[in-house]
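Notes for the one structure printed next.
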Amino acid sequence: MEKTMEVNERDVIIGLRPRKDFYSGKYIHRGAHLILKNSKNQILLQKRSPHKIWNPNMFNYAAGGTVSDESYKECIVRETEEELGIKVKVKELFKIKYFSPHDKGFHKIFLAVSDDNLSYEKKEISSVKWVDEAFLKKDIVKNKADYTPVFIIGIKKFFKLQK
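Residue numbers (numbering that gives the first Met the number 0): 0 to 162.
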């Protein structure tokens with residue numbers, strides 16, 4: 000059984016727990032997320048599998064929870080290779096905190112650029128698509144329910160940093 004890192008309210012590591020424990024919202028986890036762009040300056044959206052417990056069928060970044068004693072950066076590099084089939088060099092952007100009744104976590108957002116062919120993991124992702132920033136800025140407002148809350152918070156902060 001895969002163990003996920005548990006942290007406290009200050010993002011200090013407490014230990015490891017089974018992944019299923021975090022779905023109750025009683026424990027705090029870490030997540031790593033990747034804003035993946037291509038040379039056309041488009042952003043990759045991945046639609047989460049309908050079988051996911053958190054946010055099924057919603058658009059999100061490439062993402063994953065930290066396991067064992069890995070860092071946020073190690074996590075996103077591993078997850079990108081597992082979920083999208085590519086190796087990328089990532090740049091750390093910022094960290095956000097997202098606490099809801101059923102999901103509590105600290106999330107580091109990274110950026111990478113790649114034009115490599117994607118080979119996404121079907122059990123994790125139902126589809127992927129590249130979108131222009133202008134479209135995404137409008138769509139996260141117009142169709143907010145189609146995107147994970149952590150994606151909306153992070154991508155809005157990313158857009159503000161680019162100004």
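Every residue, glycine too, gets a C-beta built ideally from N, C-alpha and C.
Which residue marks the beginning of the beta strand (DSSP E) containing residue i, and which one marks its end?
| i | result |
| --- | --- |
| A31 | I27 to K36 |
| A144 | Element bounds for A144: n/a, residue is neither H nor E. |
| R47 | I42 to R47 |
| G14 | I12 to P17 |
| K2 | K2 to V6 |
| K128 | I124 to V130 |
Taking the alpha-carbon of residue i as reference, which of the options has the nearest alpha-carbon?
| i | options | result |
| --- | --- | --- |
| I151 | G30, K19, Y26 and N59 | N59 |
| F157 | G104, A111 and E80 | A111 |
| I85 | V76, E91, K46 and K121 | V76 |
| N54 | L160, K155 and A144 | A144 |
| L15 | H28, S23 and E8 | H28 |
| D102 | I12, I13 and R18 | R18 |
| S38 | Y146, V130, A61 and L135 | V130 |
| C74 | K36, V11, M4 and K46 | M4 |
| R9 | E91, I95, E69 and L35 | I95 |
Kindly indicate the opening and closing residues of the alpha helix (DSSP H) around residue i.
| i | result |
| --- | --- |
| L117 | Looking at the DSSP string, L117 is not in any alpha helix (DSSP H), and its letter there is neither H nor E. |
| I154 | P148 to L160 |
| K72 | Y71 to L83 |
Using only the alpha-carbon positions, how far apart do residue i and residue j sit?
| i | j | result |
| --- | --- | --- |
| E80 | Y97 | 25 Å |
| Y26 | V6 | 8 Å |
| K159 | K121 | 32 Å |
| E1 | D138 | 35 Å |
| F93 | G30 | 12 Å |
| N56 | E82 | 16 Å |
| Y71 | T65 | 6 Å |
| I52 | Y22 | 8 Å |
| E78 | E123 | 11 Å |
| I13 | S118 | 35 Å |
| N142 | S113 | 27 Å |
| K128 | I108 | 19 Å |
| N116 | L135 | 22 Å |
| K155 | G104 | 18 Å |
Rounded to the nearest angstrom, how far is the Cβ of residue i from that of residue j, given a contact under 8 Å?
| i | j | result |
| --- | --- | --- |
| S125 | S67 | Not a contact, Cβ separation roughly 27 Å. |
| H106 | G153 | 7 Å |
| V89 | L43 | Their Cβ separation, rounded to whole angstroms, is 13 Å, which puts V89 and L43 out of contact at 8 Å. |
| A183 | Q41 | Outside the displayed range of the chain (0 to 162) lies residue 183, so it cannot be described from this structure. |
| G24 | P148 | G24 to P148, Cβ: 13 Å. No contact. |
Could you pull the DSSP bridge partners for residue i from this structure?
| i | result |
| --- | --- |
| M57 | In the DSSP output, where bridge partners are listed per residue, M57 has none listed. |
| D102 | S99 |
| F93 | I108 |
| G63 | A31 |
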